[in-house]
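Below is one structure, written out as structure tokens; comments come after it.
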Amino acid sequence: MSILDDLPPEILCAIFELCLLDSEIDGRRPSVANSADSEGMPAAVLEALGFMSTGLNDDDFCKLPIEKQSTILQSLALSHVCARWRHVALEFPLMWTRIRLGRRAFITKQNSKSSDTDSSDLVEITSQLLSRSAPLPLHLDIDFLPNEPIHLPLTGMQKRRNDTNIKLVLSEYTDRSYSLRIASDETIITSVLDVFVDRNISKPTDSKTRPTYAPLSILDITLVHSQGKSLWQRREDNAGPSFPADIGIVAPNLTSLRIDGLQISSLPRYELRKAYIANTSLPYTLQHHLLFNTNISKLVLHRIAIPCKRPYRSRAILNPTPSSIASLCLSELQCPAAAGPANDHIDIYSHFFAMSFSPSLLELELAGLSNNAMDGLMRMMLDVTTKLCNVRKLTLRSLPISRVEVGLFLSDVFPGVNELTMHGVRAPWFLTELWQRDMATWPQLTEMVVDLETVKRRDSF
């Protein structure tokens, strides 16, 4: 250690930074929201969730910096080696920018006799930890359930104390919070988001000063029930709670959003570029807002209950309308049972696809669609009059393709495809044989990937 003691602070900081970088490699975070139900999910959805990387898509869609792995444990370990390392570490803000906050960062034990004193100590300690990263951007990961043990409900006094502690800890740091991940129940999620709402609706002290907003640009929220299950494990529950509210007020500057299990009322309009929405219902107004009133370029809709009430069902199938979305993934769509008989479901799916597809699409993934959804897709492709010639990449996963007409319609509506991947598709030969036999079917497609095997067009000659 004597040799390291002689190193200048700049070298020690470089060593610390390398240690933190190494800890991020292949780091999969544990979480109260981790689901054992991830097996069998579409690869694009797993990748968007941060569970795996398939190699099919190299971008970091909706991945927070902290998802690589929170570096707080490594930072604490390095700062406790010796007095000099601690001094250098505390003066190196980069080490403290990715903070994961668990239950003990805000909440005392439920059976604590000196809970008020303990709470004030926790608030002070957590605030000191967050202050070490100044003036750099702060990435927060809040991941815990408030009740311990989880089967005991919280009293009203405990909920109010938790809400107060969260506001005391976070309110000072909203102006440096650039990404936020929350995995908890509705009381904690609401308390955290309210801190940002209060910040954004507060008026400047000087009447001549223009109001500013928190710089939060990446938001990831997963609702977790007190039983430790996230909503995406409850396939039949599409209603979801009726909170929180307007994400546009929580984060007006949001660029990436991931919502799992929540109903949201509206979204930011101008800056949002990527959105992942799962395990919730999608009202017609919100779907229209997503498609036509935002600048989203990449959208994943997974296990959502699609709109089925008026004015949605009364609208005729229209030609595709311009939208900013260039990459779209539709996975395991659900039509509520209240929508009526199966034929009505097919019509609802048909309307949904017609509204979702637009001439701006460059990439499309369809995964885990039911038979009714596939019939609705067929009906839409039969009725639509505009070809989506800009689609270049088409991915089909776990689809019940039962007749060659599906391939004919797909190649007719998406004639410009030059990259096609099929995985877990029932009877994929309907598409491969059509493509190999007919040179007019996807003429720009020279090879396709079927269940991880490459099939070339020339193989048939």
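Position one of the sequence shown corresponds to residue 5 (my numbering), numbered consecutively onward. Backbone N, C-alpha and C define an ideal beta-carbon position, used for all residues, glycine too.
(request) Whole angstroms is fine: what's the gap from Y308's alpha carbon to P287's? (result) Reading the sequence shown from its first residue, position 304 is the one you call residue 308. Reading the sequence shown from its first residue, position 283 is the one you call residue 287. The question names Tyr, but residue 308 is Ile in the sequence shown. Their backbone Cα atoms lie some 10 Å apart in a straight line.
(message) Buried or exposed for P345, going by 16 or more other Cβ atoms inside 10 Å?
(response) Locating residue 345 in the sequence shown gives position 341, counting from the first residue. So P345 counts as exposed.
(message) Out of L223, V429, H229, V201, which one is the CA nearest neighbour of Y217?
(response) Mapped onto the sequence shown, residue 217 falls at position 213. Scanning L223, V429, H229, V201 for the CA closest to the CA of Y217 turns up V201.
(message) Taking 8 Å as the limit between beta carbons, can you name the residues of its chain near L456, skipping five residues before and five after?
(response) Working through the sequence shown from its first residue, we reach residue 456 at position 452. H427, listed in sequence order.
(message) In this structure, how does DSSP classify P150 when only helix, strand and coil are distinguished?
(response) As a first step, residue 150 must be located in the sequence shown, where it is residue number 146. Under the three-state reduction of DSSP output, P150 falls in the coil class, being neither helix nor strand.
(message) According to DSSP, T159 sits in a beta bridge with which residue or residues?
(response) Numbered from 1 along the sequence shown, position 155 holds the residue referred to as residue 159. Beta-bridge pairing links T159 to no other residue.
(request) Assign K460 to one of three DSSP states: helix, strand, or coil. (result) Sequence index remark: in the sequence shown, residue 460 carries index 456 (1-based). K460 sits in a strand when the DSSP states are folded into three classes.
(request) Could you pull the start and end residues of the alpha helix (DSSP H) that E367 belongs to? (result) Here residue 367 refers to the residue found at position 363 when the sequence shown is read from its first residue. From DSSP, E367 is part of no alpha helix (DSSP H) but of the beta strand (DSSP E) over 367-371.
(message) Please classify L184 as buried or exposed, where buried requires at least 16 other C-beta atoms within 10 Å of its C-beta.
(response) One-based indexing of the sequence shown puts residue 184 at position 180. Counting Cβ neighbours within 10 Å, L184 comes out buried, since at least 16 surround it.
(request) Measure the C-alpha to C-alpha separation of Q448 and C312 and round it to an integer number of angstroms. (result) Along the sequence shown, one-based indexing puts residue 448 at 444. Along the sequence shown, one-based indexing puts residue 312 at 308. Using only the alpha carbons, I get a separation of about 37 Å.
(message) Does the structure place the region 375-383 close enough to the region 416-436 that three or more beta carbon pairs sit under 8 Å?
(response) In short, these stretches do not touch, since the Cβ pair count stays below three.
(message) So, with DSSP's three-state summary, where would you put K278?
(response) One-based indexing of the sequence shown puts residue 278 at position 274. Strand, per DSSP.
(message) Less than 8 Å between the beta carbons of L197 and V254, yes or no?
(response) Residue mapping note: residue 197 aligns to position 193 of the sequence shown, counting from 1. Residue mapping note: residue 254 aligns to position 250 of the sequence shown, counting from 1. Yes, they are a contact pair.
(request) Please name the residue in D167, S195, R461, L142 whose C-alpha comes closest to that of Y177. (result) As a first step, residue 177 is located in the sequence shown; it is residue number 173 there, counting from the start. For Y177, the nearest C-alpha among the options comes from L142.
(message) Restricting to Cα atoms, I'd like to know which of H293, N283, Q291, T289 is closest to H306.
(response) One-based indexing of the sequence shown puts residue 306 at position 302. When each option's Cα is compared against that of H306, the closest is N283.
(request) Pick helix, strand or coil for Y182, following the three-state DSSP scheme. (result) Here residue 182 refers to the residue found at position 178 of the sequence shown. Correct three-state label for Y182: strand.
(message) If you follow the alpha helix (DSSP H) that D416 is in, where does it begin and where does it stop?
(response) Within the sequence shown, residue 416 is the residue found at index 412, counting from 1. Element bounds for D416: 408-417.
(message) Using C-beta distances below 8 Å, list every residue in its chain close to R203, excluding the 5 sequence neighbours before and after it, in chain order.
(response) On the sequence shown, position 199 is the one that residue 203 refers to. The residues are S175, T178, D179, Y217, A218.
(message) Please report the straight-line C-alpha distance between P272 and F361, rounded to a whole angstrom.
(response) The residue given as residue 272 occupies position 268 in the sequence shown. The residue given as residue 361 occupies position 357 in the sequence shown. Taking the Cα positions, P272 is about 21 Å away from F361.
(request) For K302, count neighbouring C-beta atoms within 10 Å of its own C-beta (all shown protein chains included) and say buried if the count is 16 or more, exposed if not. (result) Working through the sequence shown from its first residue, we reach residue 302 at position 298. By the 10 Å Cβ count, K302 comes out buried.
(message) Is the beta carbon of F413 closer than 8 Å to that of L386?
(response) Translated into the one-based positions of the sequence shown, residue 386 becomes position 382. Translated into the one-based positions of the sequence shown, residue 413 becomes position 409. For L386 and F413, yes; Cβs fall inside 8 Å.
(request) Taking L140 as the reference, give the member of L158, T450, P97 with the closest Cα. (result) Counting from 1 along the sequence shown, the entry for residue 140 is found at position 136. The option with the nearest alpha carbon to L140 is P97.
(request) Could you check what DSSP says for E336 in three-state terms: helix, strand or coil? (result) Sequence index remark: in the sequence shown, residue 336 carries index 332 (1-based). For E336, the secondary structure class from DSSP, reduced to helix, strand or coil, is coil.
(request) May I ask which residues mark the beginning and end of the alpha helix (DSSP H) holding D379? (result) Position 375 of the sequence shown, counted from the start, is the residue given in the question as residue 379. Residues 375-387.
(request) Return the residue from the list N394, D351, R262, I251 that minimises the CA-CA distance to S327. (result) Working through the sequence shown from its first residue, we reach residue 327 at position 323. Of the listed residues, the one whose Cα sits closest to S327 is N394.
(request) Could you have a look at R441 and say whether DSSP puts it in helix, strand or coil? (result) Position 437 of the sequence shown, counting from 1, holds the residue named residue 441. Correct three-state label for R441: helix.
(request) Could you tell me which of K391, E336, K460 sits nearest to L400, measuring between CA atoms? (result) On the sequence shown, residue 400 is found 396 positions in, with the first residue counted as 1. Nearest option by C-alpha distance: E336.
(request) Just grab the DSSP bridge partners of H306 for me. (result) For the purposes of this step, residue 306 is identified with residue 302 of the sequence shown, where counting begins at 1. Partner(s): A282, S335.
(message) Give me, in chain order, the residues of the same chain whose beta-carbon lies closer than 7 Å to that of L276; leave out the 5 immediate sequence neighbours on both sides.
(response) Sequence index remark: in the sequence shown, residue 276 carries index 272 (1-based). In the same chain as L276, and ignoring 5 residues on each side of it, the C-beta atoms closer than 7 Å to its own belong to L258, T259, L261, T298, N299, I300, in chain order.
(request) Measure the Cβ-Cβ separation of L295 and M359 and say whether it is below 8 Å. (result) Counting from 1 along the sequence shown, the entry for residue 295 is found at position 291. Counting from 1 along the sequence shown, the entry for residue 359 is found at position 355. In contact: L295 and M359 (Cβ atoms closer than 8 Å).
(message) How far does the alpha helix (DSSP H) with R104 in it extend, from its first residue to its last?
(response) In the sequence shown, counting from the first residue as 1, residue 104 sits at position 100. First-last for R104: 102-105, but that is the beta strand (DSSP E), not the alpha helix (DSSP H).
(request) Pull up the distance between the alpha-carbon of R383 and that of I350, whole angstroms please. (result) To locate residue 383, count along the sequence shown from 1; it is residue 379. To locate residue 350, count along the sequence shown from 1; it is residue 346. CA-to-CA, the gap between R383 and I350 works out to about 8 Å.
(request) Look at the alpha carbon of D166 and the alpha carbon of R108, and state the distance between them as a whole number of angstroms. (result) Residue mapping note: residue 166 aligns to position 162 of the sequence shown, counting from 1. Residue mapping note: residue 108 aligns to position 104 of the sequence shown, counting from 1. What sits at residue 166 in the sequence shown is Asn, not Asp. N166 and R108: Cα-Cα distance of roughly 11 Å.
(message) Starting from H349, trace the beta strand (DSSP E) in both directions and tell me its first and last residue.
(response) Translated into the one-based positions of the sequence shown, residue 349 becomes position 345. Careful: H349 lies outside any beta strand (DSSP E), inside the alpha helix (DSSP H) at 346-360.
(message) According to DSSP, is I468 part of a helix, a strand, or is it coil?
(response) Limits of the chain in this structure are 5 at one end and 465 at the other, which puts residue 468 out of reach.
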